[in-house]
Structure formats: structure tokens, C-alpha cells
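*Asks:* Here the protein sequences line up with chains P and R, keeping their order. Per full-length UniProt numbering: the first sequence = residues 1 to 416. Per full-length UniProt numbering: the second sequence = residues 1 to 416.
Protein chains: 2
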Amino acid sequence: MLAEIITIGDELLIGQVVDTNSAFIAKQLNKIGVSVYQITSIQDDKQHILQALEDAENRVDIIICTGGLGPTKDDITKKTIAEYFNDILVKNDAVLENIEHIWKQHIRTKLLQVNKDQALIPSKSKPLMNKLGTAPGMWIEKGDKVFISLPGVPYEMKALIEYQVVPQLKDKYNFPFILHKTMIVYGLGESALADRIEAWEDALPKHIKLAYLPNLGKMRLRLSTKGFDEVKLRQEVQDQIDKVIPLIEEEYAGLEDEEGSVEVVIAKQLTKLGSTLAIAESCTGGAVAERFTSHSGASAFFKGGLVTYATESKINVLNISKADIDAHSVVSSQVVEAMAKNAQQLFQSDYAVATTGNAGPTKGDSDAEVGTVHIAIANNNDVYSQEFNFGNSRLKVIQKAVNKALEMLQKEIFKN
Amino acid sequence: MLAEIITIGDELLIGQVVDTNSAFIAKQLNKIGVSVYQITSIQDDKQHILQALEDAENRVDIIICTGGLGPTKDDITKKTIAEYFNDILVKNDAVLENIEHIWKQHIRTKLLQVNKDQALIPSKSKPLMNKLGTAPGMWIEKGDKVFISLPGVPYEMKALIEYQVVPQLKDKYNFPFILHKTMIVYGLGESALADRIEAWEDALPKHIKLAYLPNLGKMRLRLSTKGFDEVKLRQEVQDQIDKVIPLIEEEYAGLEDEEGSVEVVIAKQLTKLGSTLAIAESCTGGAVAERFTSHSGASAFFKGGLVTYATESKINVLNISKADIDAHSVVSSQVVEAMAKNAQQLFQSDYAVATTGNAGPTKGDSDAEVGTVHIAIANNNDVYSQEFNFGNSRLKVIQKAVNKALEMLQKEIFKN
């Protein structure tokens, strides 16, 4: 069963907004066995929307559109969909009731006709109730195919996908099981890794697909398959993972959590151990802390973090000795280890991770080359650090430093 | 002149990676007068790539593909492009030299045949030298149309767009000027805002397009136009802005910087004033600091930040009095104002912003309802705070709190 996601909005095509909706929808569809064949981003333009719907109908079975459902004049998705189905818009009482309820609860301005008009939906459609906003989702069937239209506001779209679209798709179709398993590999480039595992790759069964995902400082190796026998598929993929690990023993850093990211793996392990974490950041400027606190449950292990960006803050707030800084510079193993140790003490945590470096583009408070980063890990007995050079692109340096800090922390907490 | 961006990679279609490349490319193209008609994300599949190229050629003049140029077997873009043009791959000596140079400088493993093969490009193409990686970009002309293929690794793609694609497109074509101006409006919903400015909107000249961009807690109102007379277009758009501001006097919070975001506006103003900033975060967990430090030049004004996630960290690190916490709870105006004041003292900054709240999904170290957030601003004379409820979706609460903190800070520093 194939799907296409159509995201509608000029803001996507002028680069004002990054399309994060598609990745979310694709992930949720994959979980229930629907493969996304294509993602298409188009303008708020009638002819363009009509053409995209027709093209998608020729390619796939399930079409999910987002965007263009607001009450203002630049939003034209709903009436264009009605036109596509030779349909008219009719008032839906349940939707109107929902709009009036939202207004009463949350909004102080007057309920306008344009807001009430959001209760107009194509007569052939079934509304998908949006409890978080006034634009309803819509579900229209045409033969075996389903067209779904959702608002583009991410949290409204997410709730509709989770509570309405996914359950209703599962009711209507019998989907296969899709499995992705991603191995994290550090310290080997794409081609060196491919060379190392070539014989294994060539012997992979046809229905298991391999992908290399290089990302600053780490590689992800993804195995994907689909079919109706979940137990068998899981076993087959696990067998392949067991075969490849011995070939990359040194560089293998574990499986990516099915939900995603390294920080989730670390969070789970710290919570399991009952251990706590503190973070002291200079060049990464809060980005390491943000990786942890964007997930719920962080308060179980995360004591707190410091962003000591200015040298004087390192001295005054984190109690780094001025003599050390003068002797070794702020970008040094001595300073980063003191940052980790002092953060650990300050926050009374079991572990601490610290970063200091020069992300560029110009040299900061030290003579260190642009791209130089020191990262330290403190545990209850010890503190140690490593020096890196991450090149001369600012965002790349920051991202690589965050990845490397998480990698070092992951290795540390899985040591025991 | 219209363009289409085709991003190639299974990782996009399973939701493993968010497509940030398209927004970057679209923004750069807009700056030189190229409108992006469509963005299409497709699989690493030969037939699919061939079809997408053909469809795009029928729609637009400039086609930019990213992804699928790596040295491993799952990357098939290059040979598929050769097939599309009935072409063969030939070795390009300059590209090979670049690959060997990168290898010598940065990579310790052996240079393999698959890496050398990255110097093979379609005979009809001109290479776009990639100084940051081994996959060259490619430029192929067919009649009046241009096909450009770039690696998907963001920092390699970005450098190629900036230093090769944009200058060469400007050489080849005579583009119009595209202008977007975005006004930031706080405290009015989409329909209430549209109602307020309806007469103005209806009187807008046909060639100036208006878009409403709702985002948690703030609205953006974008005016877009294009043509060959830059001075006249700028004046016309400015005239419209001058007309609408009196209608939204209370809620208008300034123009978004042409480069993007509120934090850039704040950064510029602080740098101009020679003033400094400190940040103390609880529920936003480093996200406010990260917004500032992801841009270069932050060290000119940003003294540092604290993430005091655990209550004991607020007491031990930020010297919040335990009595205050016991009396008012950690989520209170008293505590958030003390956080801002103490951060300002600790980091010796002119301004400080602080957040404390409960982002959910469960209640934390206080009895505050999920979604309750207090935000404080300290300046050299005063400290004040506001209480908000941002709903019950964790990421929404965090994002809204960050937006609101930036809004309050922006108002504060533009007060004088």
C-alpha cells in the first residue's frame, strides 16, 4: 500500500518554513505498514493543487495533504478539494459545535463568520475532529483510494494523525509490517565501512534493503524490510545484525532506539541506573542540554546545565581557575575537565559532560584554531577528555561536537 | 524563471530525516529571483528518479537534485542521471585530484576504487567542485534548461549552492528581484487579525501577495512580490507596511529580519547597544540559549546561561532561596524573577531572561498545572514577569515559551 504526502503552502517553497510535517507523517505511516512513495510540496494555487491531486491519485492509494485550511483568504485547499471531487461545501454541525467550544474555552476575540465557515466541508467527506484547532481534518474515499486533508499547524496535524488517521486507516486496510533497524557506527567513513562489510552486504536477502546514512562524525546503517510475518522479519533482520557486528566490533555503538535518537538511549540507561547528569557547555551553547530536555522524562536524570559562553562566566560561575585559563587557554583539556568536574559538583550529579571550543567563524577568547573542540566526561571516580578538530563551518562544528559529546557519554554510561 | 527541487533518499520517505536542504535551497534561489514551483522528495529508485526528472523538465526551467551521490551501492543518482541524458560516465581529472587531496588531508583509511569512481561524471556535465567532500556537484544544460545534481550532505550542498550554483545561475540568466517582508504580530489570532486588516488586504495591489503564518503564540504576516525594479518594489511594499501598522499598533512587534528570526534581531540590537545577556532556563531546558548560540557573533553579547532543571539546582547553583520555593513553588513569579535577577548577577550581564514552568506530560516538582510557564526579564533597574498557560502538548509548551521569552526580551531591549 503506497501513500503520497502533499504539503501545501508558499512558505515551504520560499524556504521560510522547513517541512517537518512530512517526516512525522511518514514515520507514523511506516509504523502501521504504509510506505510513502513520494512527498510533494506545492504552492497555495488552485491549478497546482488540482494537478498534484491528480498526479498523486495515479501513483498511490492513500493521499495525505497538509496545509491551506486556515480561515484567511490565502488558504484555498478546502474549496479546491471540493472542486476536485465535483463537490459542494456543506455545513457540518459537529464541526461547528467544536469550533464554538474552542472559542468559548480559549479565545477572547469575537467568533467571526470566517471562523464559523470552517465548519463547511465537502459533502462527500467525513470530518476528522480537531480538538486543538478550528480547522477540521477531512477524509474522502474514491473507489479504493483515500484522500485525507489535514491542517498544517504541526501539533494539530500530529493529534489528527495519531487519534484519527492512523486508527481509521488500520480499520480500512490490512497493512503489512514494516521494520527499520538502524545501527550506529562511529569512526569509519562511508566507503571504508562499505568496503569492510562488502561480503555481508552482497549476501543480504533481496527483501532486506541496506542504506548508509552519513552524518557529521557518525554513520548510521539502516536495514529495512516489510511483509506480513512480523516475528520472522524481526528474526531475519536480527540475524543479519548479529552477522555484521563482528566485522565492525570496534566502531559499533549500538542500535538506534526505534523511537529515534542517541539521547533517548542515554536517557533510558541513566533512568534505569538511577544516575544523574549535569552539562557544562561553551561552544555548543545549550544544544547538548536541549537534546535531552526536548524529550519528556528528562527530569528523572537531568540535574541541570550551564552555558558558560564568556570566559569570565567560566571563572565566576563555574569556578574555573583564572590561572588555568591563562596557562592553557579556555580551549584546552585542563579547562574542559575542570568544567565537567565543577558542573558535577555544582549540580551534585553522577555524570557530567562538558564542551569548550571555537566554532568560528572567527577566533574567540582563545588562540585555538577554528574547529578545535575539547569534550570531557566526568564520572564518580574520574574525569577525562578528548580533543577534536571539526572543520571550519560553524553549524557543522557545533553539530559534530554535540554528536561526539553524546557518543562519549553513551560509551561511558554503557561501560559498566 | 521557475525551479523544482528534487530531494532523493529513502531516509526522507520513512521519516528518518527531516528535509532541511529544500528550505535552504529555496531561500537562496529566492534571493536571486528564482521562484521554486515545487519540491519533490523521492526514493533511491531508478524508475522513480527518471520519472521525477521528466515531470520536472515539463514543469520548470531549473531542476536541482540533492542526494544519492555517495560511494555506496544504495546511491544511484549519478548513473540514473547519465541514463536520463543517454550519456556515459567519464573520469574527470580535476575531480579525481580533489578527491585525492581531501583524502590526503583528512582521511586515514585507504583510498578505495569506489572513492576514485566518484570522479566519474556524465560526459555532458560540468563538475561543480566540492571542497568539503568527495562527491562532485554536476551541471548539465539541455536547451534552455539546467539540471543540477548536488550531494545531500547539508554542509557540502550549502557550500556548492553558495559558491557555485548561485553565481553560475546569475551568469546564465537575467532574474527578476523577489522581495519578502514579514511582520511579526503578537496576541491576535489568524481570523481576528484578518478581520482587523480586511479593508487594507482587499486594497493590496495584485502583484503583492499576502500570507498569514500562524505559529504558536505569534503570527507572521508576509508580503511577497517580484519584478525587475528593486527600488520601486521595496518602496511599494514599505508603503503597504506603513499603512497596515496603525491598524495593529498594539500587537505589532517589528519586521522579521530578512535573514530570518527574532533572535537575530535581538542579537543585532544588543550588539549595537553594547549590552549583554544571561539566560536562566528551567522548562525550556537550554532551548532559549541554543537559539542565540546557533548564530555566529553570539559571544559579542551572550555572557552565558544556566539550565536549572532540578529544584535543588535552582537552590544550589542559582541561589534561589528554599523558603521562596517552599512558599510559592518552583513555578511562580517569585522564583522566576529571582532566577532572572540571580543569573544577571552571576553572569554580570545587563539583561537576563528566565523561564520556569511545567511542560508536561506529568506534573514535575510543583503543583502547577501542565502548561503553566512564568517568564521573567531583568534589566539594570528592574525585574518583572508574566504567567502563561501554553496548553498540554510538551513540545508546544516549550516552543511557545521560547517564542514568548524572545518576544518579551525583544520588547524590553527596543524600549529605549
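Heads up, the beta-carbon is just placed ideally off N, CA and C, and yes, glycines get one too. Note that the coordinates shown come from a computational prediction; the quantities given were computed from them, not determined experimentally.
1. Thinking just about the alpha-carbon of each residue, which of Leu-12(P), Thr-20(P), Asp-10(P) is nearest to the one in Leu-13(R)?
2. For Leu-169(R) and Ile-25(R), which I take to be in contact (beta-carbon distance under 8 Å), what is that distance rounded to the nearest angstrom?
3. Which class does Lys-218(P) belong to by DSSP, given the choice of helix, strand or coil?
4. Can you tell me whether Leu-409(P) is helix, strand or coil according to DSSP?
5. Based on the DSSP output, what are the partners of Leu-223(R) in its beta bridges?
6. Using beta carbons (cut-off 8 Å, strictly below), is Asp-195(P) in contact with chain R?
7. Along the region 334–347 of chain R, what residues have a CB closer than 8 Å to any CB found in chain P?
8. Under 8 Å, with one C-beta from each stretch per pair, do the region 102–114 of chain R and the region 138–153 of chain R reach the 3-pair mark?
9. Got a sec: does the ligand SAH put a non-hydrogen atom nearer than 7 Å to the Cβ of Asp-242(R)?
10. What in chain R is Cβ-close to Asn-30(P), meaning under 7 Å?
11. By the criterion of Cβ-Cβ separation under 7 Å, what are the contact partners of Leu-112(R) in chain P?
12. What residues from chain P crowd round Ile-184(R), counting only those whose CB sits closer than 9 Å?
13. Quick one: what's got a C-beta closer than 8 Å to Phe-175(P)'s C-beta in the same chain, skipping five residues either side?
14. Going by the DSSP bridge assignment, what does Met-138(P) pair with across the sheet?
15. Listing by chain order, which chain P residues have their CB less than 8 Å from the CB of Leu-395(R)?
16. Residues of the region 206–237 of chain R in Cβ contact with chain P at a cutoff of 9 Å, in chain order, please.
17. With a threshold of 8 Å between beta-carbons, can Lys-104(R) be considered close to chain P, or not?
18. Where do the N-terminal and C-terminal ends of the alpha helix (DSSP H) with Glu-154(R) fall, by residue?
19. Using a Cβ cut-off of 8 Å, which residues of the region 247–267 of chain R contact any Cβ in chain P, in chain order?
20. Note down, in chain order, every chain R residue with its Cβ under 8 Å from the Cβ of Asp-19(P).
21. Does the separation of the CB atoms of Gly-410(R) and Val-262(R) fall below 8 Å?
22. Under 8 Å between C-beta atoms, does Ser-275(P) make it to chain R?
23. CA-CA distance, Asp-367(R) and Ser-329(R)?
24. For chain P, find out if any of its Cβ atoms is closer than 8 Å to the Cβ of Glu-11(R); answer yes or no.
25. For Trp-200(R) and Lys-268(R), which I take to be in contact (beta-carbon distance under 8 Å), what is that distance rounded to the nearest angstrom?
26. Counting only beta-carbon atoms, is Val-166(P) nearer than 8 Å to chain R?
27. What residues of chain P sit near Thr-66(R), judged by a beta carbon separation below 8 Å?
28. List, in order along the chain, the chain R residues whose C-beta lies closer than 7 Å to that of Asn-115(P)?
29. Whose Cβ in chain P lies nearer than 7 Å to the Cβ of Ser-313(R)?
30. Nearest chain R C-beta to Ala-26(P) closer than 8 Å, yes or no?
31. Using a Cβ-Cβ cut-off of 8 Å, state whether Asp-350(R) counts as contacting chain P.
32. Taking DSSP's pairing of strands, which residues face Ser-385(P) in a bridge?
33. Going straight from the alpha carbon of residue 441(P) to that of Glu-256(P), what length do you get?
34. Could you compute how far the alpha carbon of Asp-382(P) sits from the alpha carbon of Val-397(P)?
35. Which of the three DSSP states, helix, strand or coil, is assigned to Pro-167(P)?
36. If you follow the beta strand (DSSP E) that Gln-38(P) is in, where does it begin and where does it stop?
*Replies:* Taking the geometry as given:
1. Thr-20(P)
2. Leu-169(R) to Ile-25(R), Cβ: 11 Å. No contact.
3. strand
4. helix
5. Lys-181(R), Leu-210(R)
6. Closer than 8 Å: yes.
7. Leu-346, Phe-347
8. no
9. Of the ligands one can find in the structure shown there are none, so the ligand SAH has no counterpart to examine.
10. Ile-14, Gly-15
11. Ser-191, Asp-195
12. Ordered by position in chain P, no residue passes the 9 Å Cβ test against Ile-184(R), which lies about 13 Å from the chain.
13. Apart from sequence neighbours up to five positions away, the residues of its chain that approach Phe-175(P) with a beta-carbon distance below 8 Å are Met-1, Ile-32, Gly-33, Val-34, Leu-169, ordered along the chain.
14. Pro-127(P), Ser-149(P)
15. The contact set of Leu-395(R) on chain P, defined by CB atoms closer than 8 Å, consists of Tyr-155, Ser-294 in chain order.
16. Lys-209, Leu-210, Ala-211, Tyr-212, Leu-213, Pro-214, Asn-215, Leu-216, Arg-220, Arg-222, Ser-224
17. no
18. According to the sequence provided, residue 154(R) is Pro. The question's Glu does not apply to it. Per DSSP, Pro-154(R) belongs to the alpha helix (DSSP H) from 154–160.
19. Considering only beta carbons, no part of the region 247–267 of chain R lies closer than 8 Å to chain P.
20. The answer, in chain order, is Val-18, Asp-19, Ser-22, Ala-23, Ile-39.
21. In the sequence as displayed, the identity of residue 410(R) is Gln instead of Gly. The Cβ-Cβ distance between Gln-410(R) and Val-262(R) falls below 8 Å.
22. no
23. Taking C-alpha positions only, Asp-367(R) is separated from Ser-329(R) by approximately 8 Å.
24. yes
25. Actually they do not touch by this definition, with Cβ atoms about 29 Å apart.
26. no
27. Simply none; closest approach about 14 Å.
28. Ser-191
29. Residues of chain P passing the Cβ test: Lys-303, Gly-304, Phe-347.
30. yes
31. no
32. Ala-376(P)
33. Missing from the structure shown is residue 441(P); chain P here goes from 1 to 416 and no further.
34. 27 Å
35. helix
36. 35–42
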